[in-house]
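Working notes, beginning with the structure itself.
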Amino acid sequence: MSDGDNATPGLPGAPGPPGGDNRWLTRSPRPSLGAAPWERNGNSDSGETDKAEQTGSHTDGVTVADLIAKVQGASSVPEELKRARPEPEPQVPPPPPAPPTDVIAAVSADPDDPATEIIPVVAGYASEVPDLAALRRRERVQPSRVGTGRGKGQSEPRKGRRSKTVMAGRAAAALIAVSALVLTGGAWQWQSSKNNMLNKVSALDPGSRDIMDPNAQFGDENFLIVGVDSRIGENSDMGAGGTEDAGGSRSDTVMLVNIPANRKRVVAVSFPRDLAIEPMQCKAWNPETGQYGPLYDDQTKTYGPEEVYTETKLNSAYSVGGPKCLVKVVQKLSGLSVNRFMAVDFAGFSKMVDALGGVEVCSTTPLEDYELGTVLPNAGRQMVDGHTALQYVRARQVTTETNGDYGRIMRQHLLLSSVLRSLISKEVFFSLSKLNNAVNMFIDDNYVDNIKTK
Numbered sequence: 001m002s003d004g005d006n007a008t009p010g011l012p013g014a015p016g017p018p019g020g021d022n023r024w025l026t027r028s029p030r031p032s033l034g035a036a037p038w039e040r041n042g043n044s045d046s047g048e049t050d051k052a053e054q055t056g057s058h059t060d061g062v063t064v065a066d067l068i069a070k071v072q073g074a075s076s077v078p079e080e081l082k083r084a085r086p087e088p089e090p091q092v093p094p095p096p097p098a099p100p101t102d103v104i105a106a107v108s109a110d111p112d113d114p115a116t117e118i119i120p121v122v123a124g125y126a127s128e129v130p131d132l133a134a135l136r137r138r139e140r141v142q143p144s145r146v147g148t149g150r151g152k153g154q155s156e157p158r159k160g161r162r163s164k165t166v167m168a169g170r171a172a173a174a175l176i177a178v179s180a181l182v183l184t185g186g187a188w189q190w191q192s193s194k195n196n197m198l199n200k201v202s203a204l205d206p207g208s209r210d211i212m213d214p215n216a217q218f219g220d221e222n223f224l225i226v227g228v229d230s231r232i233g234e235n236s237d238m239g240a241g242g243t244e245d246a247g248g249s250r251s252d253t254v255m256l257v258n259i260p261a262n263r264k265r266v267v268a269v270s271f272p273r274d275l276a277i278e279p280m281q282c283k284a285w286n287p288e289t290g291q292y293g294p295l296y297d298d299q300t301k302t303y304g305p306e307e308v309y310t311e312t313k314l315n316s317a318y319s320v321g322g323p324k325c326l327v328k329v330v331q332k333l334s335g336l337s338v339n340r341f342m343a344v345d346f347a348g349f350s351k352m353v354d355a356l357g358g359v360e361v362c363s364t365t366p367l368e369d370y371e372l373g374t375v376l377p378n379a380g381r382q383m384v385d386g387h388t389a390l391q392y393v394r395a396r397q398v399t400t401e402t403n404g405d406y407g408r409i410m411r412q413h414l415l416l417s418s419v420l421r422s423l424i425s426k427e428v429f430f431s432l433s434k435l436n437n438a439v440n441m442f443i444d445d446n447y448v449d450n451i452k453t454k
């Protein structure tokens, strides 16, 4: 074994001399760490003794620790830095506050899940963990009011005024809602009562074979408007004579108004009262009672036939067969399906114009009629009352017109347009008295089928 086997103290080596005296255990104290060998030798009080006690090692009595220090050089680290420093406290940064609209997904904390890491709580640092809830509360800043110019002491009166304004607005809205409900209910009640007062008559014939392509006319509105020449009752006072002059009733004005399903236009066509037609068989009509059936003859004390034939003129259809017979003739002439019927006599027309406060007409010349006399003494735009308006649409023998019945048809269209404009004008539409009077005058002297006030 080489000398190096005994170079390190405390390791197993060759046995010592008898008596158990081990020189390695009685050596002088080790010099300070990092001292050079000559410094260690120079500081020794008994140099000769040390040389005599050194073994035959080739290290000159230098320990392994001294040899390592000699090779690596003296350490410049102070003794106080060589001691272990305490572990720094963990600094947990506060998490940023989540926006109010962020949705944070739930994290599974299942202990059995291998992907879950459970961090034990260190009791020594529990008091130093930051309170995240407190940090989040401190970071929330109340919004400041810009441009109000009011301090905290003045905010309470503003809130009070605002609450009063809100309450006033709510009260006004509730009042408007109640008023609208009352008005709607009143209008519905008024409309229902007027509809029940209408003189309804059976006039329509929807299943007629004379209607061309009924499916193509689905959704169309076809109004048949009839001005009746009757001398019964108040009509005898209109200046046209009594029942002795002309008995029964005739269709003096026949106008068909078409409104297509798309409601993009309105077309009105007038049929001359003397238009030639083919005689048609219809049920007998009693104009005095407004009923269909055989007529009773006071002179003969007998009933007439239940079915009668028209003459060859259009106005005879209403005279013998009433509204239903006239609708059949018009549907055969036009091919249209008449789905609304309205008839008004002389008295009803005159009273309705008076209820509107008169209507406006325009004539290029004064209007003189051989039979009715002076209708319009002056030319130009002028307001006329109910009686003058009736004469205006009935005149057939005007001295300044040479087209006979066609001139009267043109005047009827003009007057109808004027009446409609007056009905929808703000002076009438927003005047409940005028509107109600006009409707009442129309109700008293008319016959309708599938017509309602709405």
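Heads up: the sequence shown begins at 1 in my numbering, then just goes up one per residue. Idealized CB from N, CA, C, for every residue including glycine.
Margin query: Here's the rule I'm using: 16 or more other beta-carbon atoms within 10 Å means buried, otherwise exposed. How should Gln391 be labelled?
Written below: buried
- Item | Neighbour-count burial assignment, Glu306, 16 or more Cβ in a 10 Å radius | exposed
Worksheet item: Are the Cβ atoms of Val344 and Gly207 separated by less than 8 Å?
Response: no
task: For the alpha helix (DSSP H) holding Tyr318, just list the boundary residues, first then last.
output: 315-334
Q.
Do Leu198 and Val448 count as a contact pair if the criterion is CB distance below 8 Å?
A. yes
**Residue closest to Pro260, alpha-carbon to alpha-carbon, out of Asn215, Gln299, Arg250** = Asn215
Count the other C-beta atoms from every protein chain shown that fall within 10 angstroms of the C-beta of Gly56, then say buried if there are 16 or more, exposed otherwise. Note that Gly56 scores 47 on pLDDT, short of 50, meaning its location in the model is unreliable; the coordinates nonetheless yield the value given after this. Exposed, because fewer than 16 other Cβ atoms sit within 10 Å of the Cβ of Gly56.
State the DSSP-derived secondary structure class of Glu221, mapped to helix, strand or coil.
strand
(Q) Looking at the secondary structure, which residues open and close the alpha helix (DSSP H) in which Phe346 lies? (A) 346-355
Q.
Under DSSP, the beta strand (DSSP E) around Gln281 begins and ends at which residues?
A. 281-283
Query raised in the report: Span of the alpha helix (DSSP H) holding Glu427?
Result: 426-429
(request) Report the partner residues of Val384 according to the DSSP bridge assignment. (result) Val359
Answer yes or no: do Trp285 and Gly335 have a C-beta to C-beta separation smaller than 8 Å? no
Taking C-beta to C-beta, are Gly358 and Asp444 nearer than 8 Å?
-> no
*Between the Cα of Ser251 and the Cα atoms of Ser270, Ala168, Arg265, which residue gives the shortest distance?*
Ser270
Less than 8 Å between the C-beta atoms of Cys325 and Cys362, yes or no?
no
### Message
Excluding the 5 residues flanking Gln412 on each side, which residues of the same chain have their C-beta closer than 8 Å to its C-beta?
### Response
Gly227, Thr253, Met255, Ser270, Val393
field: C-alpha distance - Ala52 paired with Asp66, whole-angstrom precision
entry: Confidence is the limiting factor: at Ala52 the pLDDT is only 42, short of 50, which leaves the residue's position unreliable, though a coordinate-based value still follows. Ala52 and Asp66: Cα-Cα distance of roughly 20 Å.
- [ ] Taking only the alpha-carbon atoms, compute the straight-line gap between Met167 and Asn339 and give it to the nearest angstrom.
- [x] 52 Å
Secondary structure at Ser202, three-state DSSP: helix, strand or coil? coil
For this session: Return yes when the Cβ of Val353 is within less than 8 Å of the Cβ of Gly386, no when it is not.
Result: yes
By alpha-carbon positions, which one of Asp210, Gln397, Pro294 ends up nearest to Thr302? Pro294
Quick check: what's the CA-CA separation for Leu333 versus Ala174? 57 Å
Looking at Asp213: is its Cβ nearer than 8 Å to the Cβ of Gln331? no
Could you check if Ser163 is buried or exposed, using at least 16 other CB atoms within 10 Å of its CB as the buried criterion? exposed
Practice problem: Flag this pair as yes or no: are the beta carbons of Phe223 and Met342 separated by less than 8 Å? | Solution: yes
Practice prompt. State the start and end residues of the unbroken beta strand (DSSP E) segment that holds Met255.
Written response: 249-259
Next item on the list: Could you tell me which of Ile277, Ser350, Arg408 sits nearest to Glu234, measuring between CA atoms?
Entry: Ser350
*I think Thr310 touches Ala276, with their Cβ atoms under 8 Å apart; what is that distance to the nearest whole Å?*
Not quite, the Cβ-Cβ distance comes to about 11 Å (not below 8 Å), so this is no contact.
Use the C-beta contact count for Ser316: other C-beta atoms within 10 angstroms, 16 or more gives buried, fewer gives exposed. buried
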